[in-house]
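Quick mapping for you: the protein sequence lines, in order, are chains A and B. Using the numbering used here, read the first sequence as starting at 1 and increasing by one per residue. Using the numbering used here, read the second sequence as starting at 1 and increasing by one per residue. Even for Gly, the Cβ is constructed at its ideal location relative to N, Cα and C. Values in this document were obtained by computation on a predicted structure and should not be read as measured data. Structure, as structure tokens:
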Amino acid sequence: MTNRFGQLAFIIILAAIPVFVFYDIGTRFAAEGVDTGSAENNAAMYPRLVAVLMAVLLAIQAFRTFTHISEDELWPGINEFVRVHGRAITAFFLFLFYIWGFRWFGFVYSTPIFLFLTQLVLGYRNPVGLVVYSGGVTAAVYYAFAKILNLALPAGDFFG
Amino acid sequence: MLDLIPLTLGQVGFTALGVFMGIIIGVMPGLGPLLGMVLLIPFAMYMEPVAGLSLLIGVFVGGTFGGAVTAILLRIPGTPIAAATLLDGYPMAQQGRERDALGFAVAASAVGGFVGGLYLVLGAPILASFALKFAPPEYFALAFAGIVCIAIVSRGSTIKGLIVGCLGLLIATIGIDPFAFFYRFNMETQWLIGGIGIVPLVLGLFAVSEMLYQISAGNLDKGAGARSVMLPPSIVIDTVKRWINILRSGSIGTFIGALPGAGSVIAAFVSYAAAKSSSKEPESFGQGNPDGVIATEAANNACCGGTLIPSLALALPGDPCTAVLLAAILLLGFIPGPQLFTDSPEVITGIFSSYMAANVFLLIFGLLLVPIFVWFVNIRKVFLIPVIFVLCVVGSFGVTNSLQDLWFIPIFAILALLLMKFDYPLAPLTIAPVLGPILEENFRRSLIMSADDVSIFFTRPICTTILVISAVALIMSLLPGNALKRFSQKGTN
Numbered sequence: 001m002t003n004r005f006g007q008l009a010f011i012i013i014l015a016a017i018p019v020f021v022f023y024d025i026g027t028r029f030a031a032e033g034v035d036t037g038s039a040e041n042n043a044a045m046y047p048r049l050v051a052v053l054m055a056v057l058l059a060i061q062a063f064r065t066f067t068h069i070s071e072d073e074l075w076p077g078i079n080e081f082v083r084v085h086g087r088a089i090t091a092f093f094l095f096l097f098y099i100w101g102f103r104w105f106g107f108v109y110s111t112p113i114f115l116f117l118t119q120l121v122l123g124y125r126n127p128v129g130l131v132v133y134s135g136g137v138t139a140a141v142y143y144a145f146a147k148i149l150n151l152a153l154p155a156g157d158f159f160g
Numbered sequence: 001m002l003d004l005i006p007l008t009l010g011q012v013g014f015t016a017l018g019v020f021m022g023i024i025i026g027v028m029p030g031l032g033p034l035l036g037m038v039l040l041i042p043f044a045m046y047m048e049p050v051a052g053l054s055l056l057i058g059v060f061v062g063g064t065f066g067g068a069v070t071a072i073l074l075r076i077p078g079t080p081i082a083a084a085t086l087l088d089g090y091p092m093a094q095q096g097r098e099r100d101a102l103g104f105a106v107a108a109s110a111v112g113g114f115v116g117g118l119y120l121v122l123g124a125p126i127l128a129s130f131a132l133k134f135a136p137p138e139y140f141a142l143a144f145a146g147i148v149c150i151a152i153v154s155r156g157s158t159i160k161g162l163i164v165g166c167l168g169l170l171i172a173t174i175g176i177d178p179f180a181f182f183y184r185f186n187m188e189t190q191w192l193i194g195g196i197g198i199v200p201l202v203l204g205l206f207a208v209s210e211m212l213y214q215i216s217a218g219n220l221d222k223g224a225g226a227r228s229v230m231l232p233p234s235i236v237i238d239t240v241k242r243w244i245n246i247l248r249s250g251s252i253g254t255f256i257g258a259l260p261g262a263g264s265v266i267a268a269f270v271s272y273a274a275a276k277s278s279s280k281e282p283e284s285f286g287q288g289n290p291d292g293v294i295a296t297e298a299a300n301n302a303c304c305g306g307t308l309i310p311s312l313a314l315a316l317p318g319d320p321c322t323a324v325l326l327a328a329i330l331l332l333g334f335i336p337g338p339q340l341f342t343d344s345p346e347v348i349t350g351i352f353s354s355y356m357a358a359n360v361f362l363l364i365f366g367l368l369l370v371p372i373f374v375w376f377v378n379i380r381k382v383f384l385i386p387v388i389f390v391l392c393v394v395g396s397f398g399v400t401n402s403l404q405d406l407w408f409i410p411i412f413a414i415l416a417l418l419l420m421k422f423d424y425p426l427a428p429l430t431i432a433p434v435l436g437p438i439l440e441e442n443f444r445r446s447l448i449m450s451a452d453d454v455s456i457f458f459t460r461p462i463c464t465t466i467l468v469i470s471a472v473a474l475i476m477s478l479l480p481g482n483a484l485k486r487f488s489q490k491g492t493n
């Protein structure tokens, strides 16, 4: 993929947002009768204006991308991308699993596992250090939020 | 005029804690006051309002200075704010004068911050009393000017800044319509009916994306290797002797800080340029001239006070940090803006007092505790990054009390990485959701006032003036050779 193609692909992704705004206004807003009328009852007035502005700006940016990027740069392939960013990608997926586990297994179980695995991914290999760090940080965060702030951290839907 | 009221012991303690934590967060490369403020919002929510805001103000002030430590010792600005400080700070350290460089930076930051505080205490109430006379068209014009200014001076092209600003404004429309009480753009799910909170948004945009970037950058298992030093207290006197530089830089920093979107980076570079042009030895700048360090540090900390002026008086955040502060004020149950000066003056005076106290603590901690801060500089990222991930999740849950809202964090982290990859600025996306509701409500109120006649925006002198200035600034920024843009690009690069 080239830089110009990437820029245009991103503009198309961003263009989906005003398109969604117009679609929602044309369907749901219209069905509820809040897409026209005075400023008081017209829920579509302001978002429509912003979406039009965004669409115009994206069109200008697409034109600029064609005319301003003279030396098109070739991006690395997917294999090279994964090689360079593999750790970050893995850490990101662990983060997604952590958010998922936070709900289902609760803070107390999901946090030390997440910390342990993330440190492993980041290259820390000391087994004692991994356990002490994961347990210690979990305990410290739990104390700060649950004991000092009285925040009810999730116990986990899985455990009822 | 509002008076500074003495803080309670608890409020003083939280201000001190905020400054201490802010410096620690600021010295760690890649982290900054914004991340510190967002991570501490959940704690602030559970405190007495002024104490909670004092904590956040402390982090703002401490974090703004913190980046200077690594800029001087390692030539790595801990935050972009400190980018100008390394121009002379690092050469001083190379010459074996790192104690002097750090000492000048600490003292100039504190005194400069104090100068900004004086402008804040004197200027914000006057601006607020003036703004009390504003009607919806003027508020609309101000919010519009805020978005335009931020888009103009943000990193990357103005067009890209405006695109991101529009994206932020559309994000702010998700949820219930303020007039028709209709759920907009929620994709008919319960998840989006409350809209998108600023805390998960900012955590995703700035914290998680930055951690992923740091992981990709490598060097996770190595400390920074900074050497510890002790600072001589006499450096304060040496700094104050250069009072003309401090006063000039503090005033420049405050003025630029008060312009929405301009921010500390531009303030630091403009002050540096002013100090150099008025010096008898301009050729020594860049080779270890203490005046270079003093100018940049005084300006960027004074900028905090300047940024707070429009934020408090007009509810117009000048940068992402003040956007978070305004979000915190809202979460604490107050409506930011000129009305806050009359309805809850104790909150405003509490903010003023804690801002002044924060600069005193900055001086004390900066002089006495530098070895501790240097120890934090050397913490390996492999220990730091997982904790920040956990704090993002728990912190967001603490503020929103919603497990579903946690999914906004990775969504905005990916969006931030894409925006950065394609050279779009992030700042408008943080500020637009704060300004969005102000913009929409006042836009529609204005039209209600005028029976849907748009000429209301062009027949009122103040509103028209603000809109015309915004339009001129926008047109000028699209022309080649925009000075503000050049300065901001220099800082972020």
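- The beta-carbon separation of B:ARG184 and A:PRO47, rounded to 7 Å, stays under the 8 Å limit for a contact.
- Cβ contact annotation for B:ARG460 (same chain, cutoff 8 Å, sequence separation greater than five): ALA135, PRO137, GLU138, in chain order.
- In the DSSP assignment, B:MET230 falls outside any alpha helix (DSSP H), carrying neither H nor E.
- Per the coordinates, the alpha-carbon of B:LEU478 lies some 44 Å from the alpha-carbon of B:PHE14.
- By the C-beta density criterion, B:ASP453 is exposed, having fewer than 16 other C-beta atoms within 10 angstroms.
- With at least 16 other beta carbons inside 10 angstroms of its own, B:ILE196 counts as buried.
- For the segment 174 to 198 of chain B, the set of residues with a beta-carbon nearer than 8 Å to any beta-carbon of chain A comprises ASP177, PHE179, ALA180, PHE182, ARG184, PHE185, GLU188, in chain order.
- Under a criterion of Cβ atoms nearer than 7 Å, the residues of chain A adjacent to B:LYS160 are, in order, GLN61.
- Within its own chain, the residues whose Cβ lies closer than 8 Å to the Cβ of B:ALA71, once the five positions on either side in sequence are excluded, are PRO77, GLY78, ALA82, ALA83, THR85, LEU86, GLY89, TYR90, listed in chain order.
- Note on geometry: alpha-carbon atoms of B:LYS381 and B:GLY218 lie some 9 Å from one another.
- Distances from the alpha-carbon of B:GLY112 to those of B:LEU331, B:ALA68, B:ASN245 put B:ASN245 closest.
- The shortest CA-to-CA distance from B:PHE341 to any of B:PHE182, B:GLY292, B:PRO310 is the one to B:PRO310.
- When C-alpha distances from A:TYR98 are compared across B:PRO290, B:TRP407, B:GLY175, the shortest belongs to B:TRP407.
- For A:ALA91, same chain residues with a beta-carbon under 8 Å away, outside a window of 5 residues either side, are THR118, VAL121, LEU122 in chain order.
- Look at A:LEU122 here: in three-state DSSP terms it is coil, with no helix or strand label.
- Taking 8 Å as the cut-off, the beta carbon of B:ALA68 is found no closer than this to the beta carbon of B:GLU210.
- When secondary structure is reduced to three states using DSSP, B:TYR183 falls in the strand class.
- Taking 8 Å as the threshold, the shortest C-beta distance from B:LEU418 to chain A falls below it.
- Across the segment 437 to 455 of chain B, CB contacts with chain A closer than 7 Å involve GLU440, PHE443, ARG444, LEU447, ILE448, ASP452, in sequence order along the chain.
- Any Cβ of chain A closer than 8 Å to the Cβ of B:CYS303 would place that residue at the interface, and such an atom is absent.
- Cβ-Cβ separation between B:LEU330 and B:MET37: approximately 14 Å, too far for a contact (criterion under 8 Å).
- With a threshold of 16 other beta carbon atoms within 10 Å, B:SER278 falls short and is exposed.
- B:TRP375 has a beta carbon lying at 8 Å or more from every beta carbon in chain A.
- Around A:ALA59, the same chain offers no residue with a beta carbon nearer than 8 Å, after the five sequence neighbours per side are excluded.
- For B:LEU34 and B:TYR424, the gap between their C-alpha atoms comes out near 19 Å.
- Listed as beta-bridge partners of A:LEU74 by DSSP are A:THR2.
- Between B:LEU429 and B:PHE144, the CB-CB gap reaches or exceeds 8 Å.
- By the Cβ neighbour-count rule, A:ASP157 is exposed, with fewer than 16 other Cβ atoms within 10 Å of its own.
- The alpha-carbon of B:LEU384 is positioned some 37 Å away from that of B:LEU118.
- Taking C-beta atoms under 8 Å as the contact rule, B:LEU40 and B:LEU55 qualify, at a distance of about 6 Å.
- Contacts between A:ILE99 and chain B, judged by CB atoms closer than 9 Å, involve VAL393, LEU403, LEU406, TRP407, ILE409, PRO410 in chain order.
- Counting only runs of at least 3 residues, the segment 19 to 77 of chain A fully encloses no beta strand (DSSP E) element at all.
- The DSSP-derived three-state label of B:GLY62 is helix.
- Out of B:GLY253, B:ALA323, B:SER353, the CA that lies nearest to the CA of B:ILE198 is found in B:ALA323.
- In this structure the segment 276 to 294 of chain B does not touch the segment 146 to 161 of chain B; the number of beta carbon pairs closer than 8 Å is below three.
- Within its own chain, the residues whose Cβ lies closer than 7 Å to the Cβ of A:ALA44, once the five positions on either side in sequence are excluded, are ILE25, PHE29, VAL34, ASP35, listed in chain order.
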